[in-house]
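Engineer: Encoded as structure tokens, here's the structure I'll be asking about.
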Amino acid sequence: MKIGVLKEMKEGERRVALSPDVIKQLIKKEFSVTVENDAGVGSNFSDKDYTEAGATVGSPQEVFAADVLLKVNIFSKEEVAQMKNGGACISIMYAYNHPEILDELNKKSIMSFSMDAVPRISRAQKMDCLSSQANLAGYKSVILGANYLEKIFPLMMTASGTITPAKVLIFGAGVAGLQAIATAKRLGAVVEVSDVRPETKEQVESLGGRFLTVEGAEEVKVEGGYAAEVSAEFLQKQKELIQSKIKDSDLVITTALVMGKKSPILVTEDMVKSMKKGAVIVDMAVESGGNCEISEKDQIVRKYGVTIIGESNLPSLLSTNASQLYATNISTLLMHLATKDGFNLDREEEITKGVLITYEGQVVHEFTNKILNK
């Protein structure tokens, strides 16, 4: 099987789908790999690194001749147009947000697999790119916030006086939130955490964070690790709790996502107005609409004396590590789906069924169809 790795074309994207170390493993499994010229430059992997690993480095046309194409981000219409009929591709698709791309894939009977759709089960952990990338994003959110916060995190006792520790408020105790808690605690901050899922309380407290409990949290429905349904009454109670805590916070990090929907607004403009001058907000959900009402995608703005960071691609800021982890995720999935001789799909197997989006000219993914047909 010939694997093709394309250079990412999304603005600001520095990651690459395969790292040289992972390519060595694929070559040992008798796969053939072609990487586009300069595809790894943003992750500090040179073309020489790839050739030494056993890959061929070539033009986009040479890459498109591969049996399966790999990317980080979803393939564009222009890229699909260059794929061969009946080919295959794997990337982070969030397919339900891109019906126009699915149409193009189906016109050419291209089999597509989405990395974000990997089931969150124990035997698929090594394929779970959402977790690997969120881990890095959670770490970077704290470092980025600390950089813009004009005070230190830890308690410091000096001859000139005592500096009190910074107060960090984190919304969401998923993978990104938990890593943010751990990082902020290591830097010496006092950390408080809000999450609609009561089962996260133990994890938060094990990392040294204080869990903020909202009445009615036990009624929140959770699907695939995401909050699937939250009542207006619950959201109101949560906002009231946030309002009381946010006034004293130095750094606020928001991570709340709802799968297949726009992110909930957790920090309103009025809340921002109530915050201390010099405080910082890092809105990690800005890609899907944002948790802060006045955050701006891919912008760092100062409003009402508060710095609001709307970086939509935090893993890309740690591109070397992000690419190394993603390469392990995508190669593990590929080896689950195929051998050196080609794809060998069992469409009823849980992982395969979970990631297969388009097949023989049809959208076959249950959740994607559910969203698209609403």
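Residues in the sequence shown are numbered consecutively from 388, following our numbering. Here a beta-carbon is modelled for each residue, glycine too, at the ideal position from N, C-alpha and C.
#1: Give me the Cα-Cα distance between Glu398 and Glu674, rounded to the nearest whole angstrom.
#2: Check whether the stretch 481-500 touches the stretch 742-759, taking contact to mean three or more Cβ pairs, one atom from each stretch, closer than 8 Å.
#3: What are the start and end residues of the beta strand (DSSP E) that includes Ala563?
#4: Terminal residues of the continuous alpha helix (DSSP H) containing Val467?
#5: By a C-beta neighbour count over all protein chains shown, 10 Å radius and 16 as the cutoff for buried, is Asp490 buried or exposed?
#6: Between the beta-carbon of Ile568 and the beta-carbon of Leu594, is there less than 8 Å?
#7: Could you have a look at Asn678 and say whether DSSP puts it in helix, strand or coil?
#8: Take Gly692 as the anchor and find which of Ser682, Val667, Ala672 has the nearest alpha-carbon.
#9: Do Met514 and Asn716 have their beta-carbon atoms positioned less than 8 Å apart in this structure?
#10: If the criterion is Cβ atoms closer than 8 Å, does the pair Val455 and Ile488 meet it?
#11: Excluding sequence positions up to five away, which residues of its chain have a Cβ less than 6 Å from the Cβ of Val680?
#12: Determine whether the beta carbon atoms of Ala442 and Val422 lie at a separation below 8 Å.
#13: Measure the alpha-carbon distance for Leu644 versus Ala672 and round it to whole angstroms.
#14: Please report the straight-line C-alpha distance between Pro447 and Asn424, rounded to a whole angstrom.
#15: Leaving out five residues before and five after Gly729 in sequence, what residues of the same chain have Cβ atoms less than 6 Å from its Cβ?
#16: Tell me the DSSP bridge mates of Phe621?
#17: Spatial neighbours of Asp436 within its chain, please: CB distance less than 8 Å, with the 5 preceding and 5 following residues excluded, ordered by chain position.
#18: Counting only runs of 4+ residues fully inside the stretch 640-675, write out the alpha helix (DSSP H) ranges in chain order.
#19: With DSSP collapsed to three states, give me the class of Ser478.
#20: With a threshold of 8 Å on Cβ separation, who are the neighbours of Val750 within its own chain once the five nearest residues in sequence on each side are excluded?
#21: Kindly indicate which three-state DSSP category Gly692 falls into: helix, strand or coil?
#22: For a test of the three-state rule: what should DSSP assign to Ile390, helix, strand or coil?
#23: Just to confirm, is the Cβ distance from Ala440 to Lys411 under 8 Å?
#24: Between the Cα of Ala475 and the Cα atoms of Lys684, Ile461, Ser430, Val444, which residue gives the shortest distance?
#25: For Met544, does the count of other Cβ atoms within 10 angstroms reach 16, so buried, or fall short, so exposed?
#26: Quick one: grab the DSSP three-state call for Gly729.
#27: Can you say whether Met396 is buried or exposed, counting buried as having 16 or more other CB atoms within 10 angstroms of its CB?
#28: Here's the rule: buried if 16 or more other CB atoms are within 10 angstroms of the residue's CB, otherwise exposed. What is Phe532?
#29: Quick one: residues in its chain with C-beta nearer than 6 Å to the C-beta of Ser699, no 5 flanking neighbours on either side, listed in chain order?
#30: Going by DSSP, what residues sit across from Ile488 in a beta bridge?
#31: Which same chain residues, not among the five before or five after Lys572, have their C-beta less than 8 Å away from its C-beta?
Structural biologist: Quick answer:
#1: Counted from its first residue, the sequence shown places residue 398 at position 11. Counted from its first residue, the sequence shown places residue 674 at position 287. Taking the straight line from one Cα to the other gives about 13 Å.
#2: yes
#3: Numbered from 1 along the sequence shown, position 176 holds the residue referred to as residue 563. Taken as a continuous stretch (DSSP letters only), Ala563 belongs to no beta strand (DSSP E), being part of the alpha helix (DSSP H) at 562-573.
#4: Taking the first residue of the sequence shown as 1, we reach residue 467 at position 80. Looking at the DSSP string, the run of the alpha helix (DSSP H) that includes Val467 is 464-469.
#5: Position 103 of the sequence shown holds residue 490. Exposed, since its Cβ has fewer than 16 Cβ neighbours within 10 Å.
#6: The residue labelled residue 568 in the question sits at position 181 within the sequence shown. The residue labelled residue 594 in the question sits at position 207 within the sequence shown. In terms of Cβ geometry, Ile568 and Leu594 form a close pair [threshold 8 Å].
#7: For this step, residue 678 is matched to residue 291 along the sequence shown. In the structure shown, Asn678 sits in coil (DSSP, three-state: anything other than H, G, I, E or B).
#8: Locating residue 692 in the sequence shown gives position 305, where the first residue counts as 1. Closest in alpha carbon position to Gly692, among Ser682, Val667, Ala672, is Val667.
#9: Here the question's residue 716 lines up with position 329 in the sequence shown. Here the question's residue 514 lines up with position 127 in the sequence shown. With contacts defined by Cβ atoms closer than 8 Å, Asn716 and Met514 form a contacting pair.
#10: Along the sequence shown, one-based indexing puts residue 455 at 68. Along the sequence shown, one-based indexing puts residue 488 at 101. No, the pair does not count as a contact, with Cβ atoms beyond the cut-off.
#11: Along the sequence shown, read from residue 1 onward, the residue named residue 680 stands at position 293. First, the amino acid is wrong: residue 680 is Glu here, not Val. So the qualifying residues of the chain are Ile652, Thr655, Glu656.
#12: Here the question's residue 442 lines up with position 55 in the sequence shown. Here the question's residue 422 lines up with position 35 in the sequence shown. In this structure, Val422 lies closer than 8 Å to Ala442 by Cβ.
#13: The sequence position of residue 644 within the sequence shown is 257, counting from 1. The sequence position of residue 672 within the sequence shown is 285, counting from 1. Roughly 7 Å separates the two Cα atoms.
#14: Residue mapping note: residue 447 aligns to position 60 of the sequence shown, counting from 1. Residue mapping note: residue 424 aligns to position 37 of the sequence shown, counting from 1. Spanning the two alpha carbons is a distance of roughly 8 Å.
#15: Residue numbering aside, residue 729 sits at position 342 when the sequence shown is read from its first letter. Excluding sequence neighbours, Gly729 sits near Met388.
#16: Here the question's residue 621 lines up with position 234 in the sequence shown. Per DSSP, none; premise fails for Phe621.
#17: Position 49 of the sequence shown holds residue 436. Once the five neighbours on either side are set aside, the close Cβ partners of Asp436 are Pro407, Gly427.
#18: 656-661
#19: As a working mapping, residue 478 is identified with position 91 in the sequence shown. DSSP places Ser478 in strand when its eight states are reduced to three.
#20: Residue 750 sits at position 363 when you count from the first residue of the sequence shown. Result list for Val750: Ala482, Leu489, Asn493, Ile744, Asn756, Leu759, in chain order.
#21: By 1-based counting over the sequence shown, the position of residue 692 is 305. In this structure, DSSP gives Gly692 a state outside helix and strand, which the three-state scheme calls coil.
#22: Counting from one through the sequence shown, the residue named residue 390 turns up at place 3. Note: Ile390 maps to strand in three-state DSSP.
#23: Along the sequence shown, read from residue 1 onward, the residue named residue 440 stands at position 53. Along the sequence shown, read from residue 1 onward, the residue named residue 411 stands at position 24. The answer is yes: Cβ separation under 8 Å.
#24: For the purposes of this step, residue 475 is taken as residue 88 along the sequence shown, with counting starting at 1. For the residues Lys684, Ile461, Ser430, Val444, the minimum Cα distance to Ala475 belongs to Ile461.
#25: Numbered from its first residue, the sequence shown carries residue 544 at position 157. With fewer than 16 other CB atoms across the displayed protein chains lying within 10 angstroms of its CB, Met544 is exposed.
#26: Mapped onto the sequence shown, residue 729 falls at position 342. Correct three-state label for Gly729: strand.
#27: In the sequence shown, the residue the question calls residue 396 occupies position 9. Label assigned to Met396: exposed.
#28: Stepping through the sequence shown from its first residue, residue 532 is reached at position 145. Looking at the sequence shown, residue 532 is not Phe but Gly. Classification for Gly532: buried.
#29: Translated into positions along the sequence shown, residue 699 becomes position 312. So the qualifying residues of the chain are Val673, Glu674, Lys684, Asp685.
#30: Along the sequence shown, one-based indexing puts residue 488 at 101. Partner(s): none; Ile488 has no beta bridge.
#31: Locating residue 572 in the sequence shown gives position 185, where the first residue counts as 1. Val578, Leu594, Gly595, Gly596.
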